[in-house]
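Structure record follows, encoded as structure tokens.
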Amino acid sequence: MTLRLLYHTYKSLRLKPLFGLILLAIFLPLYITPAWASTPRAEQGVLDLRNSELDDKGLQLGGEWKLYWNRLLTSASPTEYHEYVPFPKLWAHTTWKQQPVPTKGYATYALDILLPTTSEPLALYLPEAYSAYALYANGNLIAQNGEPGISAETTTPYWSQQVVPVTPSTDTLRLTLQVANFHHAKGGPYKHIRIGYLSALQAAQQVNYALDIFLAGCLFMGGLFFLGLYLFGHHEKSNLYFSLFSILYSYRVVGTKQYALHTFFPHLDWSLTLHFEYLSLFLSILMFTLYTYKLYPKDINKYIVRFMAGSCISFALATLLLPTTLFTQLIIPFLVLMAVGIPYTFYVYWVAARNHRPGARYALMSTWALLFIFVVIMLEYFRIATPGKLILFVGYIGFFFLQSLILSFRFASTLKKAKEAAELGLKAKSEFLSTMSHEIRTPLNSVIGMTHLMLRDAPRPDQKEQLDVLLFSANNLLTIVNDILDFNKIEAGKITFAMGPIDLATIARNIVSGYSKSAADLGIEIRAVIDPSLTFRVIGDHTRTSQVISNLVQNAIKFTPKGSVTLRLGVEDQTDKDVTVTLSVEDTGIGIAPEKQQEIFERFTQVDSSATRGFSGTGLGLAISKRILELQQVDLHLDSEPGVGSTFYFTQTFPLAPVVEVTKPVVSTVPTTEKPLEDVRILIVEDNKMNVLVAQNFLKRWGATSEVATNGKEALAKLDPSRHDLVLMDLHMPVMDGYEATRLLRERGESIPIIALTASIAQEVEGRIYSIGFTDIVVKPFNPNELLRVIAAHAPQKNKVVV
Ligand code: ADP
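Using our numbering, the first residue of the sequence shown is number 547, and each one after it goes up by one.
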């Protein structure tokens, strides 16, 4: 909200740049006290405040003070030679005996104040002076900053601000101020001393310190945050430079201007703090320059950056190498550099915004804050006006906030880009796997189909053995392809459940009978123990439920060298709406060590691949089963003991399926006559010659006759209901695919059964297939029994064997 407001304000500023200046002109005076504001002035060393009102800010003690150059007095002596000089003024701008006063030296200033009548305790607010002072009131020392002396050795500079109570016994306060400077480029007092109520002055000072400490804390913590982002993120230099800039600047907030740090730690070494004051300025600007460069390298002039950075480094080196009296002179050239640098920064951000660089509009907004701060500082530095403390605070907070917004914005947009790239990669991977699987399934169809055919052609025993191996391997390959594809789909969150009425007991029995032969071959007993009360149908996904149970049973057989595998289905609870069932697959096999029991549910993990009795496995089965159940809010559990056996089980609640009248007999097993499809006339629509050959061979064997169309268009031309009873339609074909052909056939009113043949996973195409008008679906590579079952279910009744 606030951001939007700021942005809109900024937008209007961009439209009318003058508008910003007008705003500045209106609001600045509200917070800035101009130097020319009328206050009582001292004349000839006397300030008459008897008729003055003291307000919360206090009154400035400005005007003509007595000056005793090269004297350190504790009270003004009327007999000593003195001159009246304006106070406060740096020595560079003061004259003594018509000569400019040198910046090094010592002096005493004196002022008599005729106090206003008030019963409230009074106090003086004392700013720093260059570079040491001692203040006497009516001859008593009441405050000092460092130690003023008559030489560099006897003088100790210090910079801090203080509020000291004054308790004059008479109505006149005689101030005597000793000032000495031997260590700084500037000498003398330059800020106004003020008199006011003790409580008001103390409160104002506390507020000022609180604001400074708060601001420094914000900058320091912000700096640390971006440092962390740099160290633990992707080492983006802009984060590093901004963090160092913030940290260095946070020192300046408490270590300069109001010197909160010096007040709270009064024994700091003056030389150290003076070095820090200058170094932090030069280095923070260096960091800001580098930061801006890293932010918008294409919009900034490299040579200007080098010049700025080089200047900052030279200034910093000079600070380290030169004596204090020399390096403190660097401030003026540095301000000149800033006067060029800030407008240039403004220009760079403007170009960046024009080029739509990320976050540049915040950068541009921040330059307004920067400009504002600069103007305020300049006003104060050249003593044109005294800005209210809050205004600078707001300026600084605004500037740093907007700058950190740029980085946050960039960080977020990098993250977004990375996420998009990752998603794109994931999509590409999933599409690639989909295509691959499709491409592998099509030739597999021929391999499996042909093997089946050859097995039925009474092969010699040695040939049968080889064909069995071939069929086994091809089926294994198919399982692996399916597993990979399935897992990929689950990971991509693309799996959907086709809910419909299912008969759990029949599914369980069919799976057990399906595996009974392979179990018997291995000498393992396999049985299903099903709760007799489970006689009704429930709502569930037939394919997915079968898949989970098959996986568990298959594993149990795989990992059981001898003994038995039991599939149990027990009813836990039943209401008139749903039923809760526990399904378990128990084996007496090799078991799983406790430390491996979690791991095996991860993808591609196997306890010991040598234990798989020659069965290949991808280690995906359990991962898939677990995810399929989890997507239905069901947990897959395991109890296992090595050498004893394992039990995998889950408890799932299924809604009850509505009871329906079964009108049509359901074909549940495969017809068993020699020619189950005698005289059924089938149109095969398929472009792959090998697949055509496989299908034709089977159909011929089952007694059906077939005709072939190699694409959808041809099928449209060839199909004749008087000559055909059923269509086997491939989905992916050149010229016209199976979807389009079926749609057009239905459109022209054909009611002939059309069975889709697809190498895609059934669930992927199911929805689309039925909505177009297909009658059923068979997935390639097809199991001949499955193909026969589906054809028999839909072919005209003449030859169907119903069980
Ligand atoms: P795969 O069977 O293809 O290797 P799974 O994810 O189905 O992959 O199983 C992962 C591993 O868990 C298996 O390799 C095996 O080590 C272990 N495992 C699974 N079921 C059983 C079981 N019934 N008995 C012993 N170990 C099992």
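Virtual Cβ for every residue (Gly too), placed ideally from N, Cα, C.
Is residue i near the ligand ADP, in the sense that its beta carbon is under 6 Å from a heavy atom of that ligand?
i       : result
Ile1351 : Residue numbering for the chain in the displayed model covers 547 to 1349; residue 1351 lies beyond these limits and cannot be assessed.
Asn1101 : yes
Ile994  : no
Asp1133 : yes
Ile1138 : yes
Ile1072 : no
Val1026 : The question names Val, but residue 1026 in the sequence shown is Ile. For the ligand ADP, not one heavy atom lies less than 6 Å from the Cβ of Ile1026.
Ser1192 : yes
Gly1167 : yes
Ile1146 : yes
Phe1105 : yes
My guess is that residue i and residue j are in contact by the Cβ rule of under 8 Å, so how many angstroms apart are they, rounded?
i       : j       : result
Leu1113 : Val1099 : 6 Å
Asp845  : Val894  : 5 Å
Leu687  : Ala680  : 6 Å
Met854  : Gly887  : 6 Å
Leu841  : Ile937  : Going by Cβ atoms, the distance from Leu841 to Ile937 rounds to 27 Å, so no, they are not a contact pair.
Leu765  : Phe946  : 6 Å
Gln804  : Asp758  : 6 Å
Leu613  : Trp642  : 7 Å
Met911  : Leu948  : 5 Å
Ile994  : Pro1327 : 4 Å
Ends of the alpha helix (DSSP H) at residue i?
i       : result
Leu1272 : Where Leu1272 is concerned, there is no enclosing alpha helix (DSSP H), although the beta strand (DSSP E) it sits in stretches over Leu1272 to Asp1276.
Asn901  : Counting along the chain, Asn901 falls outside any alpha helix (DSSP H), and DSSP gives it neither H nor E.
His1340 : Pro1330 to His1340
Ile937  : Lys935 to Arg1002
Leu1243 : Note that residue 1243 is Asn in the sequence shown, not Leu. Unbroken alpha helix (DSSP H) run through Asn1243: Lys1235 to Arg1247.
His808  : Ala806 to Phe810
Taking buried to mean at least 16 other C-beta atoms within 10 Å of its own C-beta, is residue i buried or exposed?
i       : result
Phe873  : buried
Tyr1316 : exposed
Val882  : exposed
Phe633  : buried
Pro1330 : buried
Ile793  : buried
Gln1198 : buried
Pro667  : exposed
Ser745  : exposed
Gly1189 : exposed
Gln1009 : exposed
Asp1276 : buried
Thr1288 : buried
Glu707  : The residue you asked about is not Glu; residue 707 is Gln in the sequence shown. Answer is buried; the Cβ neighbour count reaches 16.
Val1231 : buried
Val1349 : Confidence is the limiting factor: at Val1349 the pLDDT is only 35, short of 50, which leaves the residue's position unreliable, though a coordinate-based value still follows. Counting Cβ neighbours within 10 Å, Val1349 comes out exposed, since fewer than 16 surround it.
Ser1252 : buried
Thr870  : buried
Pro889  : exposed
Leu961  : exposed
Asp1271 : buried
Gly1284 : buried
Ile1138 : buried
Glu1141 : exposed
Return the first residue and the last residue of the beta strand (DSSP E) that residue i is part of.
i       : result
Phe1196 : Gly1191 to Pro1201
Ala1051 : Careful: Ala1051 lies outside any beta strand (DSSP E), inside the alpha helix (DSSP H) at Leu1050 to Asp1067.
Arg1114 : Gly1109 to Gln1120
Ile1085 : Val1084 to Asp1087
Thr1128 : Asp1124 to Asp1133
Tyr652  : Gly651 to Leu660
Trp611  : Gly609 to Trp615
Phe633  : Glu629 to Phe633
Ala683  : Ala678 to Ala683
Asp1322 : Asp1322 to Val1325
Does the beta-carbon of residue i, which I'm using as the reference point, lie nearer than 6 Å to any heavy atom of the ligand FMN?
i      : result
Ile696 : Only the ligand ADP can be found as ligands here, which leaves the ligand FMN out of the picture.
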